[in-house]
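K.L.:
Protein chains in written order, with this note's numbering: chain A, 5 to 483; chain B, 5 to 483.
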């Protein structure tokens, strides 16, 4: 039996986490760079992970009454400027089209950095009466935000995402929608990505440009830094007033709609890599993995071995398992390393002696454990159960890592130590003032990730100013 | 029982086909205009039709070994210029980004009009050996081509499409791929859209910029004009040489790859509308219809009627049928008209007396025929069979229309009469000279749609120049 070859093609995580991340992205063939800085190529394996996430989420969106649409790629400059806070947030990041065909354009067009303005303009046209409400639209697309510093999946000048935009007759309904979508994001993270999230509200400083309230989900990476992984916004009536989205209500009065938007992006791929990966490469949660099981034939030139491998693959496919046989002419050890680099959750080894004994060896990518399993009609069920176990184990490990890295502190002076030596979140109190939030940022380069309004205990004190605290807040260094 | 209300909200087809088309696009809520000319909004109903087409084709692509990727939205001007014919074809239609963030760009970026150059650059990086071949990639995205005259779905400055790009070790394999994908397009048209296509090769004048050979599928609209609906290109080694896509072959020699690309777009929605629609609106083939069955409760306030309608819907859903109950407070006649405008293939009416008699009325959108059907466990099977029948009937009707509008003529002087009075295709002979092709265009405003190389009969004469003909060619007026 070929031995497991340690994959030393990549930097170790603890030596240089940033380099490890880039190595994994390249060696697992998730992406490649294009000739335009910040615009990456989503290679088949990386894109297939995104497709798995899309499939799950799209189904959830549709089950909850959302419809997909496609809005234009470009926004007239004047349209983007209609909502004041919004344009201030996005203007510095815009890619601008100034020529179309052979002519200079009369008005510059912005490649969408996000589409609130387009949806708002459309809703203003099609919403007339309470009968037209709610409208709950979503779109899958790419957006462009001109970034100076870029990293694959984490920050790019172009990224893939979904953006949901809804309008409602009442504030209550819109607020409910905002939280419902945040909850669907939490469930996706837990049930598909095997990632526990910290959730709460963004402070005014950190919230979305134009939003009244932003809810966020935040994931803790292996290196103790945090990645904002999805947001859901309640807009109140700001866009509705700016764009004139009005309806005639049942009481015969003209009213402005209440609006939400929410989005997650291919950043989620970055989260998967950095939460679960190890020094041998990717470790994929089974529900995201494009290939869930790789069958590696041992001594594949011996008669019957490859046939058996194909037969097993057919058997697993019938039960809906995404399986591949690695029948290339590489050595088994090499195949093992490749499967590890690509994070394939389950590896099955089968050779002549196994076939003779009516068994195969099943290895788990997440912890390397192996078991001998009978080659019979229960193999598919075994693998399905095993994948559920792997998912649960991966979630549990990430959850333990998260819990071990939320440090409660009420002493401003020890924040630096915690961030430098332990990483993760500082859980503390907050009076609600921007100055105190900025003090943490300026002193320790940590930002507020989210806060929980009015959850501070009775006698809590803001560690930044010493005044009475209202909220619980979480600070961390973030991507 | 409410009577069918003739929908006179739209222009009739024979009065003004162009206006009828625009009316249907708007009233069936397929699309809306945005504030940027040529950039349309794909509304939920129109987008859902595209999703049905995507689902089918994506499955076919994957079954035939293709993988999805995502390439950057923008192309550096210098990269687009690498293949001479290609840039000449697309330069006049480019949307140009000249500013990113707060800075003017050092090099202008073109929003992709098509992505041959990006795929070629990437393939040049990742293909090293015959072991890396073939690479068969596809992407679903939008592209931008600055158009002066635009019409919803048919010609827009932005449209949605898929573009496949493959590289192969041998010419034979690449040519096979080109035809395989054309065949998948033909099958999609037949089996999903219920549209028969005329297929053949594009002349050098009409082929894709940079292609050696272009195969096309062309659909005949109700008004006798033709719509190019999909193309598949064999590139030979032109791009490979321009971009340096080389591999070390088994014989230890460096060789250039052989390349293909192929695409269909949301033009297919235009084809569906204009092939099948009638004076009451859309008529959708069941496999494209976002809603396949609408249940209209009659006297829905009577106890038990709505409950029965919901129960029937659940029953049909379980069999995979896309069904909706129209429980709005509109009159049944109004609901019928709406369902007709939206082209829903099957309408089921159920009222108190029907329920008493254990039956319902099932009406077909394509020919208006109705039947009384028992309300029992066979209803789902009945509907599934009925939808297959509808599909076949729609295909047959379109096929008859097509056959009746291919007019064989060998007399240049009668081309005008045929095109003016009958429309459709003129099937004739061609010597192969551009001059003759141009003569038809200049004289009759008809373009060559496709030709069949070397299929002319022995003594055939080109009707344009009187010389010996080699090919059969099809001319038509086209969208």
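Cβ coordinates follow ideal geometry from the N, Cα and C atoms, glycine included.
Residue range of the beta strand (DSSP E) that residue 480 of chain A falls in?
P.N.:
Taking the first residue of the first chain as 1, we reach residue 480 of chain A at position 476. 475-480 is the span of the beta strand (DSSP E), which, as asked, contains residue 480 of chain A.
K.L.:
If you count every other CB in all the chains shown that lies within 10 Å of the CB of residue 376 of chain B, and 16 or more means buried, which is it?
P.N.:
For the purposes of this step, residue 376 of chain B is identified with residue 372 of the second chain, where counting begins at 1. So residue 376 of chain B ends up on the exposed side.
K.L.:
Residue 225 of chain B to residue 198 of chain B, Cα distance in whole Å?
P.N.:
Here residue 225 of chain B is taken as the residue at index 221 of the second chain, counted from 1. Here residue 198 of chain B is taken as the residue at index 194 of the second chain, counted from 1. The straight-line gap from Cα to Cα measures roughly 13 angstroms.
K.L.:
Are the CB atoms of residue 349 of chain A and residue 293 of chain A nearer to each other than 8 angstroms?
P.N.:
Indexing the first chain from 1 puts residue 349 of chain A at position 345. Indexing the first chain from 1 puts residue 293 of chain A at position 289. Yes, these two residues count as a Cβ contact at 8 angstroms.
K.L.:
Contact criterion: CB-CB distance below 8 angstroms. Does residue 318 of chain B meet it with respect to chain A?
P.N.:
Here the question's residue 318 of chain B lines up with position 314 in the second chain. No, because no Cβ of chain A sits closer than 8 angstroms to the Cβ of residue 318 of chain B.
K.L.:
Tell me, please, whether the CB atom of residue 168 of chain B is closer than 8 angstroms to any CB atom in chain E?
P.N.:
Of the protein chains in this structure, namely A and B, none is chain E.
K.L.:
Determine the chain B residues that contact residue 268 of chain A at a beta-carbon separation under 8 angstroms, and present them in chain order.
P.N.:
Looking up residue 268 of chain A in the first chain gives position 264. The contacting residues do not exist; residue 268 of chain A stays about 16 angstroms from chain B at best.
K.L.:
Just list the alpha helix (DSSP H) runs in the stretch 117-193 of chain B, keeping only unbroken ones of 4 residues or longer that don't cross its boundaries, in chain order.
P.N.:
With a minimum length of 4 residues, the continuous alpha helix (DSSP H) runs that stay inside the stretch 117-193 of chain B are 120-130, 175-192.
K.L.:
Take residue 258 of chain B and list the residues in its own chain whose beta-carbon comes closer than 8 angstroms to its own, dropping the five residues that flank it on each side.
P.N.:
Stepping through the second chain from its first residue, residue 258 of chain B is reached at position 254. Only 250, 251, 252 meet the Cβ criterion.
K.L.:
My understanding is that residue 285 of chain A touches residue 31 of chain A, with C-beta atoms under 8 angstroms, so please give their C-beta distance in whole angstroms.
P.N.:
One-based indexing of the first chain puts residue 285 of chain A at position 281. One-based indexing of the first chain puts residue 31 of chain A at position 27. That pair is a contact at about 7 angstroms.
K.L.:
Could you give the residue range of the beta strand (DSSP E) that holds residue 99 of chain A?
P.N.:
Sequence index remark: in the first chain, residue 99 of chain A carries index 95 (1-based). Start and end: 99-104.
K.L.:
In whole angstroms, what separates the C-alpha of residue 241 of chain B from that of residue 365 of chain B?
P.N.:
Position 237 of the second chain, counted from the first residue, corresponds to residue 241 of chain B. Position 361 of the second chain, counted from the first residue, corresponds to residue 365 of chain B. Computed Cα separation, rounded: 60 angstroms.
K.L.:
Using the three-state DSSP reduction, which class does residue 280 of chain A fall into: helix, strand or coil?
P.N.:
Position 276 of the first chain holds residue 280 of chain A. Helix at residue 280 of chain A.
K.L.:
Give the straight-line distance between the Cα atoms of residue 150 of chain A and residue 35 of chain B, rounded to the nearest whole angstrom.
P.N.:
Here residue 150 of chain A corresponds to residue number 146 of the first chain, with the count starting at 1. Here residue 35 of chain B corresponds to residue number 31 of the second chain, with the count starting at 1. Approximately 30 angstroms between the Cα atoms of the pair.
K.L.:
For residue 372 of chain A and residue 344 of chain A, what's the separation of their Cα atoms in angstroms?
P.N.:
Numbered from 1 along the first chain, position 368 holds the residue referred to as residue 372 of chain A. Numbered from 1 along the first chain, position 340 holds the residue referred to as residue 344 of chain A. Approximately 10 angstroms between the Cα atoms of the pair.
K.L.:
Kindly list the residues whose CB is nearer than 7 angstroms to the CB of residue 154 of chain A, restricted to its own chain and excluding five residues on each side of it in sequence; keep chain order.
P.N.:
Translated into the one-based positions of the first chain, residue 154 of chain A becomes position 150. So the list reads 41, 42, 160, 161, once near-sequence residues are dropped.
K.L.:
Quick check on residue 135 of chain B: buried or exposed, where buried means 16 or more other Cβ atoms within 10 Å of its Cβ?
P.N.:
Taking the first residue of the second chain as 1, we reach residue 135 of chain B at position 131. Burial call: exposed.
K.L.:
Per DSSP, which residues does residue 301 of chain B bridge with? Please list them.
P.N.:
Along the second chain, read from residue 1 onward, the residue named residue 301 of chain B stands at position 297. Answer is B:354, bridged to residue 301 of chain B.
K.L.:
Sorted by chain position, which residues of the same chain lie with C-beta nearer than 8 angstroms to residue 188 of chain A's C-beta, five sequence neighbours on each side aside?
P.N.:
Counting from 1 along the first chain, the entry for residue 188 of chain A is found at position 184. 61, 64, 65, 68.
K.L.:
Run through DSSP, which three-state label would residue 274 of chain A get?
P.N.:
As a working mapping, residue 274 of chain A is identified with position 270 in the first chain. Residue 274 of chain A falls in the helix class under three-state DSSP.
K.L.:
Quick one: does residue 43 of chain A have its CB under 8 angstroms from some CB of chain B?
P.N.:
Walking along the first chain from the start, residue 43 of chain A turns up at place 39. It does; some Cβ of chain B falls within 8 angstroms.
K.L.:
Have a look at residue 283 of chain A and residue 290 of chain A and give me their C-alpha separation to the nearest angstrom.
P.N.:
Numbered from its first residue, the first chain carries residue 283 of chain A at position 279. Numbered from its first residue, the first chain carries residue 290 of chain A at position 286. One C-alpha to the other measures close to 19 angstroms.
K.L.:
Could you pull out every residue in the same chain whose Cβ sits closer than 6 angstroms to the Cβ of residue 304 of chain B, ignoring the five residues on either side in sequence?
P.N.:
The residue given as residue 304 of chain B occupies position 300 in the second chain. Only 310 meet the Cβ criterion.
K.L.:
What three-state label does DSSP hand residue 449 of chain A in the structure shown?
P.N.:
Indexing the first chain from 1 puts residue 449 of chain A at position 445. Three-state DSSP puts residue 449 of chain A in coil, outside helix and strand.
K.L.:
I need the straight-line Cα distance from residue 19 of chain A to residue 449 of chain A, nearest angstrom please.
P.N.:
Walking along the first chain from the start, residue 19 of chain A turns up at place 15. Walking along the first chain from the start, residue 449 of chain A turns up at place 445. Going by the C-alpha atoms only, they are around 22 angstroms apart.
K.L.:
Chain B beta carbons: is any one of them nearer than 8 angstroms to that of residue 27 of chain A?
P.N.:
Walking along the first chain from the start, residue 27 of chain A turns up at place 23. Not closer than 8 angstroms to any Cβ of chain B, the Cβ of residue 27 of chain A fails to qualify, so no.
K.L.:
So, are the CB atoms of residue 330 of chain A and residue 297 of chain A less than 8 angstroms apart?
P.N.:
Here residue 330 of chain A corresponds to residue number 326 of the first chain, with the count starting at 1. Here residue 297 of chain A corresponds to residue number 293 of the first chain, with the count starting at 1. No, they are not a contact pair.
K.L.:
List the residues of chain A that residue 146 of chain B touches, going by C-beta distances under 7 angstroms, in chain order.
P.N.:
For the purposes of this step, residue 146 of chain B is identified with residue 142 of the second chain, where counting begins at 1. Per Cβ cutoff of 7 angstroms: 77.
K.L.:
Any idea which residues DSSP pairs residue 35 of chain B with across the strands?
P.N.:
Mapped onto the second chain, residue 35 of chain B falls at position 31. DSSP lists B:46 as partners of residue 35 of chain B.
K.L.:
Could you give the residue range of the beta strand (DSSP E) that holds residue 288 of chain A?
P.N.:
Along the first chain, one-based indexing puts residue 288 of chain A at 284. It is not in any beta strand (DSSP E) - residue 288 of chain A carries neither H nor E in the DSSP assignment.
K.L.:
Could you pull out every residue in the same chain whose Cβ sits closer than 7 angstroms to the Cβ of residue 387 of chain B, ignoring the five residues on either side in sequence?
P.N.:
By one-based count along the second chain, residue 387 of chain B stands at place 383. 297, 320, 325, 350, listed in sequence order.
K.L.:
From A:173, A:128, A:126, A:148, pick the residue whose C-alpha is nearest to that of residue 137 of chain A; which is it?
P.N.:
Mapped onto the first chain, residue 137 of chain A falls at position 133. The residue with the shortest Cα to Cα distance from residue 137 of chain A is A:173.
K.L.:
Buried or exposed: where does residue 385 of chain A fall if 16 or more other Cβ atoms within 10 Å of its Cβ makes it buried?
P.N.:
Along the first chain, read from residue 1 onward, the residue named residue 385 of chain A stands at position 381. So residue 385 of chain A ends up on the exposed side.
K.L.:
For the putative contact between residue 205 of chain B and residue 454 of chain B, defined by C-beta atoms under 8 angstroms, what is the C-beta separation to the nearest angstrom?
P.N.:
Against the second chain, residue 205 of chain B aligns to sequence position 201. Against the second chain, residue 454 of chain B aligns to sequence position 450. Sure, about 6 angstroms apart at Cβ, within 8 angstroms.
K.L.:
In this structure, does DSSP put residue 40 of chain A in helix, strand or coil?
P.N.:
In the first chain, residue 40 of chain A corresponds to position 36, counting from 1. Residue state, collapsed to three classes: coil.
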